[in-house]
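To start, the structure itself, in structure tokens.
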Amino acid sequence: MQASNLTIYCYNILSNGVASSTNAEVAATAAPPAAPQGSIGALLASRWLELATYREMVEHLITSTIIVGIALLIGFILETIVRSTCRIARERRLGRPSQLKKIDTLQSILLSVARYTVACIAVFKVLLLWGVSSQSLTVGGAIIAGAVGFGSQGLVQDMITGFGLLFEDQLQIGDFVQIGDKTGFVREVGLRVVKLEGLDGTEHILFNRTITSVSNLKPPV
-4 MQASNLTIYC
6 YNILSNGVAS
16 STNAEVAATA
26 APPAAPQGSI
36 GALLASRWLE
46 LATYREMVEH
56 LITSTIIVGI
66 ALLIGFILET
76 IVRSTCRIAR
86 ERRLGRPSQL
96 KKIDTLQSIL
106 LSVARYTVAC
116 IAVFKVLLLW
126 GVSSQSLTVG
136 GAIIAGAVGF
146 GSQGLVQDMI
156 TGFGLLFEDQ
166 LQIGDFVQIG
176 DKTGFVREVG
186 LRVVKLEGLD
196 GTEHILFNRT
206 ITSVSNLKPP
216 V
């Protein structure tokens, strides 16, 4: 009885060993050999990756061109609307120099805002398309805006004061005024400067941020 059990145990061990060997041989036969580094398969795979990268680049270039084209079209439409509206406003205010100056100034401001807004949006879209993260763009834009704002504080002050002078009718073309120690006729009121013409013909150019008070005088006879 013990001899029979021993015989069966040995048979099972041999059977398992043969089966393991057979499975290993089958797996080795089924797995394809690795392609050598210089084989045709590796070369084709490399060319395919290059082609995919090239196609992606071409698609990005085409999409970027479309974005720029759309931005130019939108800018043209906005500019046409602004110019047409301001032209109609000018025709209704003929003979009123101060009102015409306001319209010209407003047109210049609106055109600049429209152009810069469309251009910034287009650049933002193109950079996102080429893989630049929105967070990097936001941080970079904030840094640039801060640097520009810090370097142009005087310009911003001039423009804010110029808005008040233009749209609150504090100065009119042809008025005889005194601003600080300068006296003369108002010849131009802009976003940055006010130009006065003195009695002797001297032209005084005053930056808007330096204007703290205005005295309207009676014109000399």
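Taking the numbering used here, the leading residue of the sequence shown gets -4, the next gets one more, and so forth.
Beta carbons are placed, not taken as given, at the ideal position from N, Cα and C, and that holds for glycine.
Predicted model only: the values in this text are computed from it and were never measured.
Beta-carbon proximity of residue i to residue j, cut-off 8 angstroms
i	j	result
T100	L191	no
A109	E74	yes
F145	K97	no
V181	I200	no
V151	L106	no
Cβ shell of residue i (< 8 angstroms), same chain only, five flanking positions each side left out
i	result
G149	F202 and R204
L160	L166, V184, V189, N203 and I206
I62	A117, K120, V121 and L124
Q102	V77, R78 and C81
D153	L186, R187, V188, F202, N203 and R204
I104	L186
I138	none
The alpha helix (DSSP H) enclosing residue i, as first and last residue numbers
i	result
I152	Reading off the sequence, residue 152 comes out as Gln, not Ile. Looking at the DSSP string, the run of the alpha helix (DSSP H) that includes Q152 is Q148 to F162.
Closest by C-alpha distance to residue i, when choosing among the options
i	options	result
L194	V184, S208, F171 and T207	F171
I116	G169, I174, R82 and A66	A66
V53	R78, W125 and F71	W125
V209	T178, I200, G196 and T197	T178
H55	E198, K120 and S129	K120
Q173	A140, I138 and N211	N211
Residue i, enclosing beta strand (DSSP E) - first and last residue
i	result
L201	E198 to F202
R182	K177 to V184
I174	F171 to I174
V127	Element bounds for V127: n/a, residue is neither H nor E.
V189	V188 to E192
Beta-carbon proximity list for residue i, same chain, < 6 angstroms, skipping 5 on both sides
i	result
P214	F171
V133	According to the sequence provided, residue 133 is Thr. The question's Val does not apply to it. Closer than 6 angstroms at Cβ, skipping near neighbours: no residue.
Beta-carbon contacts of residue i that lie in its chain and below 7 angstroms, excluding the five residues immediately before and after
i	result
R85	L95 and I98
G157	G185, L186, R187 and N203
T197	none
G136	none
G70	A109, R110 and V113
T58	L124
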